[in-house]
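Q:
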Amino acid sequence: MSGEKKKRIVKTIHVNVDKCNGCRACEVACSAFHATPKYSTTNPERSRIRVIREPLRDVFLPVYAGEYTAAECAGRDRYTIDGRSYDECAFCRAACPSRDVFHEPDSGLPLKCDLCESDPPLEKPLCVQWCVNEALVYEEREEWVEAEEPVEELDVGLASLMTRFGRERLADAVARLSRKAEKKA
Ligand code: SF4
Ligand code: SF4
446 MSGEKKKRIV
456 KTIHVNVDKC
466 NGCRACEVAC
476 SAFHATPKYS
486 TTNPERSRIR
496 VIREPLRDVF
506 LPVYAGEYTA
516 AECAGRDRYT
526 IDGRSYDECA
536 FCRAACPSRD
546 VFHEPDSGLP
556 LKCDLCESDP
566 PLEKPLCVQW
576 CVNEALVYEE
586 REEWVEAEEP
596 VEELDVGLAS
606 LMTRFGRERL
616 ADAVARLSRK
626 AEKKA
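For any residue, its number in my numbering is found by taking its place in the sequence shown, counting from 1, and adding 445.
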C-alpha cells in the first residue's frame, strides 16, 4: 500500500575506503560526542562507527551502525574482493544479537548512528570533521519519500531488552522499578 509522499533532506556520509588509513579518529570522536556528559570520555566500544582494521592485509573499512535487528540473518554471505575473502558479517551495519559490535558495552543496548543530532546542530557530523584524510564526506540531497511513523528510541531499546531477557523478566523489572519509584514519591 503506497502512502503519502513528502520531501525531505537525506543526509549521508560518503565513505571513500581508498582514503582511510585506519587511524580510528572517527571512533574516538563519535564516542566522545555520545559520552555523558558530552566529551567527558572516549571509548571506541561506544562508537557508532567502527573501522574494520587488518593492517597486514592493508584493509581499513569504516562501517556505520544501522538499525537494530532482533534476529540473526537466515542466510549468510561471504565476500571476495581483490582475491581477499571477508567474514560474512564484516560489512554489516546492524546491531544484531549474535555479535558484540554496535552494542553499548555496559547496558548491551543497540547503538545507531544518529548523524550527531544535537541542538544547536553541528555543521558536519563529528567523525567527518575529525577524518583529516577525507575518507568520510558529508552530503545532503533532497528526495521524495514515503511518510513514515517515527520510531521512538525508547521502543527500540525496549525491543532489544525484550529479546535479550524475555518479555516476562522485562515486565517484572518494570513493575519492580515502578513500585520503588512509588515508594520514593
Ligand atoms: S578518521 Fe577517517 S581515516 Fe581515520 S579511521 Fe576514520 S575513516 Fe579512516
Ligand atoms: S555521524 Fe556522528 S553519530 Fe554517526 S558515526 Fe559519525 S560521529 Fe558517530
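All C-beta atoms in this analysis are idealised placements derived from N, C-alpha and C, irrespective of residue type, glycine included.
Source: prediction; values computed, not measured.
Relative to the C-alpha of ASN466, which residue among PRO507, LYS450, ALA474 is closest?
A: Taking the sequence shown and counting its residues from 1, one reaches residue 466 at position 21. With distances taken between Cα atoms, ASN466 lies closest to PRO507.
Q: I'd like to confirm something about PRO542: is its beta-carbon nearer than 7 Å to some heavy atom of ligand 1, or not?
A: The sequence position of residue 542 within the sequence shown is 97, counting from 1. No, Cβ of PRO542 sits at least 7 Å from all heavy atoms of ligand 1.
Q: Using 8 Å as the threshold, is the C-beta distance between GLU585 and HIS459 below it?
A: On the sequence shown, residue 585 is found 140 positions in, with the first residue counted as 1. On the sequence shown, residue 459 is found 14 positions in, with the first residue counted as 1. Going by beta carbons, GLU585 and HIS459 fall outside the 8 Å limit.
Q: Can you check the stretch 464 to 532 for any beta strand (DSSP E) of at least 3 residues that lies completely inside it and give the ranges in chain order?
A: 494 to 499, 504 to 509, 524 to 526, 529 to 531
Q: Flag TRP589 as yes if its beta-carbon sits less than 8 Å from any beta-carbon of chain B, otherwise no.
A: The structure shown has no chain B; it contains just one protein chain.
Q: Helix or strand or just coil, what does DSSP make of GLU562?
A: Locating residue 562 in the sequence shown gives position 117, where the first residue counts as 1. GLU562 carries a coil assignment under DSSP once its states are collapsed to helix, strand and coil.
Q: Is it the case that the CB of ALA539 approaches a heavy atom of ligand 2 more closely than 7 Å?
A: Numbered from its first residue, the sequence shown carries residue 539 at position 94. No, since every heavy atom of ligand 2 falls outside the 7 Å radius drawn around the Cβ of ALA539.
Q: Among the residues of its own chain, which have a CB less than 7 Å from the CB of GLU597, if the five just before and after it don't count?
A: Locating residue 597 in the sequence shown gives position 152, counting from the first residue. Here the set comprises nothing.
Q: Give the range of the beta strand (DSSP E) segment to which GLU588 is assigned.
A: Within the sequence shown, residue 588 is the residue found at index 143, counting from 1. It spans 581 to 591 - the beta strand (DSSP E) in which GLU588 sits, taken as one unbroken run.
Q: For the pair the stretch 483 to 499 and the stretch 511 to 522, tell me if three or more CB-CB distances fall below 8 Å.
A: no
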